[in-house]
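Protein chains in written order, with our numbering: chain A, 800 to 944; chain B, 800 to 944. Step one of this worksheet: look at the structure below.
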DNA sequence: AATTTGAGTTAGTGTATGCTAACAATAATA
DNA sequence: TATTATTGTTAGCATACACTAACTCAAATT
């Protein structure tokens with residue numbers, strides 16, 4: 800069965816842990832707090848909840864790691880993040896920081912169908928010499944589903 | 800000076816009032832509750848807050864109307880809504896209901912720069928015979944700012 | 001080993017938002 | 001007009017999430 804969707808806030812925590820873990824091999828409360836611009840006590844709160852729900856391994860006073868479930872979830876969020884950001888920067892020519900910020904907000908609310916199609920569209924535009932392509936052909940292709 | 804940003808939730812209420820007002824010439828609590836799938840008491844709550852902040856004219860037990868400030872704000876939100884939805888349906892070929900729903904979520908979090916560029920991109924693609932256009936030329940044009 | 005410093009936690013508070021249940025006002029209708 | 005039904009409000013409660021202040025633990029330094 801599928802994992803229940805987390806709140807925007809909890810997805811942010813999970814993603815922060817994911818990124819720190821990737822960068823540093825570990826995630827400390829202070830780093831998470833800095834990254835998300837919240838206080839350490841808020842982090843503790845979130846960690847307890849994420850642990851309860853089985854997304855992280857958490858023992859008081861020690862470093863946090865993602866469980867398999869947590870890793871899978873975070874991976875998906877992060878993939879969305881990267882893709883949306885890429886659309887903003889590469890296609891829309893949005894400023895890097897703004898793209899980062901907006902991707903971070905939209906990744907939590909976009910549905911699978913919309914994301915998948917955006918993703919397809921992005922790849923299509925990037926990989927294709929658009930001068931040789933008719934937009935209707937494009938739509939027929941990726942619009943099949 | 801610019802109007803302070805409302806929460807997602809309050810923007811939803813304002814937009815609902817706007818839509819009902821446009822459709823029906825007036826907005827009743829029950830209709831707002833139905834549209835947003837919340838209870839009437841939650842609507843009352845929101846109305847009080849929106850009235851305090853000067854977005855609506857509100858007297859107990861009577862119909863609600865938007866102030867000029869409220870109308871302006873709602874107009875902007877609704878314009879975003881329509882544009883984002885149009886991108887999803889017309890370009891990404893997303894299902895109408897899903898597009899509606901996602902536009903409704905993204906309209907609250909997207910920044911001006913990203914929205915403006917998306918908007919421009921949408922018009923560009925729709926209005927141009929894409930076969931005759933090079934994507935780099937396009938980017939040069941609308942990417943100027 | 002004792003002390004100091006920094007990291008992490010807990011407890012308590014505040015705000016935003018939703019809910020239910022009980023009540024009040026208005027509108028519809030008998 | 002009196003009654004009933006609908007609509008709207010209030011009060012009280014619950015949840016999510018952030019904060020501060022006070023505390024505990026662990027690591028680093030002496």
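Note that CB positions come from ideal geometry on N, CA and C, so glycine has one too.
May I have the straight-line CA-CA distance separating residue i from residue j, to the nearest angstrom?
| i | j | result |
| --- | --- | --- |
| residue 924/A | residue 869/B | 39 Å |
| residue 881/A | residue 825/B | 43 Å |
| residue 846/B | residue 867/A | 45 Å |
| residue 840/A | residue 861/B | 45 Å |
| residue 904/B | residue 829/A | 31 Å |
| residue 827/A | residue 895/B | 43 Å |
| residue 833/A | residue 814/A | 13 Å |
| residue 874/B | residue 817/B | 8 Å |
| residue 921/A | residue 898/A | 15 Å |
| residue 836/A | residue 806/B | 19 Å |
| residue 941/B | residue 910/A | Any reading at residue 941/B needs caution, since the residue's pLDDT is 49, under 50, leaving its predicted position unreliable; the model's value is listed next. Cα to Cα, the separation comes out at about 28 Å. |
| residue 831/A | residue 853/A | 18 Å |
| residue 886/A | residue 871/B | 30 Å |
| residue 890/A | residue 859/B | 49 Å |
| residue 809/B | residue 800/A | 34 Å |
| residue 892/A | residue 900/B | 26 Å |
| residue 857/B | residue 919/A | 47 Å |
| residue 926/A | residue 926/B | 22 Å |
| residue 838/B | residue 804/B | 24 Å |
| residue 844/B | residue 844/A | 28 Å |
| residue 888/A | residue 888/B | 22 Å |
Within 10 angstroms of the Cβ of residue i, are there 16 or more other Cβ atoms? Answer buried if so, exposed if not.
| i | result |
| --- | --- |
| residue 823/B | exposed |
| residue 878/A | exposed |
| residue 913/A | buried |
| residue 906/B | buried |
| residue 851/A | exposed |
| residue 802/A | exposed |
| residue 811/B | buried |
| residue 943/B | Any reading at residue 943/B needs caution, since the residue's pLDDT is 40, under 50, leaving its predicted position unreliable; the model's value is listed next. When all chains shown are included, residue 943/B counts as exposed. |
| residue 931/A | Residue placement at residue 931/A cannot be trusted, given a pLDDT of 49 that sits under 50; the coordinates are not used to answer. |
With a cut-off of 8 Å on the beta carbons, I'd call residue i and residue j a contact; round off their distance for me.
| i | j | result |
| --- | --- | --- |
| residue 902/A | residue 884/A | 4 Å |
| residue 863/A | residue 855/A | 5 Å |
| residue 820/A | residue 865/A | 6 Å |
| residue 908/A | residue 876/B | Contact doesn't hold; Cβ gap of about 15 Å is too wide. |
Which residues, taken in chain order from the segment 824-845 of chain B, show a beta carbon closer than 7 Å to some beta carbon of chain A?
none
Scan the segment 837-868 of chain A and note each continuous alpha helix (DSSP H) run of 4 residues or more that stays entirely inside, going in chain order.
839-851
Can you give me, in chain order, the residues of the segment 903-915 of chain B that have a beta carbon less than 7 Å from any beta carbon in chain A?
904, 905, 908, 909, 910, 912, 913
Along the chain, which unbroken stretches of the alpha helix (DSSP H) at least 4 residues long are found entirely within the segment 801-834 of chain A?
807-823
What are the residues in the segment 866-890 of chain B lying within 8 Å of chain A by C-beta distance?
887, 890
What runs of the alpha helix (DSSP H), each 4 residues or longer, lie entirely inside the segment 901-931 of chain A?
911-926
Residues of the segment 849-863 of chain B with a CB closer than 7 Å to any CB of chain A: list them in chain order, please.
none
Quick one, which residues of the segment 800-812 of chain B are near chain A if we go by CB-CB under 9 Å, in chain order?
none
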